[in-house]
Amino acid sequence: MHYVANLAWERGDQNFESGTFSRRHRIAFDGGQTFVASSSPQVLPTPMSDEFGIDPEEAFVASLASCHMLWFFVIASKRKYCVDRYVDNACGVMRRNDDNRIAVTEVLLRPKVTFSGPRLPTEDEHRAMHHRAHELCFIANSVKTAIECQPELELAPTADAPD
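Take the sequence shown: its position 74, counted from the start at 1, is 74 in our numbering, and no numbers get skipped.
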């Protein structure tokens, strides 16, 4: 399998040699989706960075969270659970690693999953599904970053539950 991302940046009339040029660029994927990307304003201040662009650090955290979620869906559906909602406010931490290089050293996944239906997971079953999703995630298996998952189980109210 191959995965392609096409990046495009153009200098235009900016002075490249000064180092103050914009890092705003576009990334296109094979499905036709295109988005604006940039360096992080936390790393390189505006106007060199575009705060509305997706920076590589955000994309990295998002790819880990997305991969985890997609594997979680596979596991939950095979176990006949009905997921109504999945929200993850994932967070990455950048600092010096053991080699004294700046890196995203840890990512915290905080998935809040709402289930409904006649079959509902216990807290232990919910955690086990997240553990398995982490083991299966291709992206997590591809990086050295420490990834912690702090799942939150939420059960949808049933029609016959008292108010």
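Note that beta-carbon positions come from the ideal geometry of N, C-alpha and C, so glycine has one too. Here the structure is a predicted model, which is why all the values come from computation and not from measurement.
Looking from the CA of lysine 80, the closest CA among Ser63, Gly117, Glu123 and Asp30 belongs to Gly117. Where glutamate 106 is concerned, there is no enclosing alpha helix (DSSP H), although the beta strand (DSSP E) around it starts and stops at 102-109. DSSP places methionine 129 inside the alpha helix (DSSP H), whose first and last residues are 123-136. For valine 61, the uninterrupted alpha helix (DSSP H) run begins and ends at 56-78, by DSSP. Cβ-Cβ distances below 7 Å link alanine 28 to Asn6 and Thr34 in the same chain, with the five nearest sequence neighbours on each side left out; the list follows chain order.
In the three-state scheme derived from DSSP, where H, G and I count as helix and E and B as strand, serine 142 is classed as helix.
With fewer than 16 other Cβ atoms from the protein chains shown falling within 10 Å of its own Cβ, alanine 8 counts as exposed. In the DSSP assignment, phenylalanine 29 falls within the unbroken beta strand (DSSP E) covering 25-29. For the 8 Å CB-CB criterion, valine 61 and valine 107 form a contact. In this model, methionine 94 and alanine 37 are separated by some 19 Å (Cα to Cα). The DSSP-derived three-state label of serine 18 is helix.
Assigned with DSSP and collapsed to three states, arginine 11 falls in coil, not helix or strand. If you check the CB distance, serine 49 and arginine 23 come in under 8 Å. The shortest CA-to-CA distance from cysteine 82 to any of Val113, Ser39 and Gln150 is the one to Val113.
Beyond the five residues adjoining it in sequence on each side, asparagine 15 comes within less than 8 Å, by CB distance, of Phe21 in the same chain, given in chain order.
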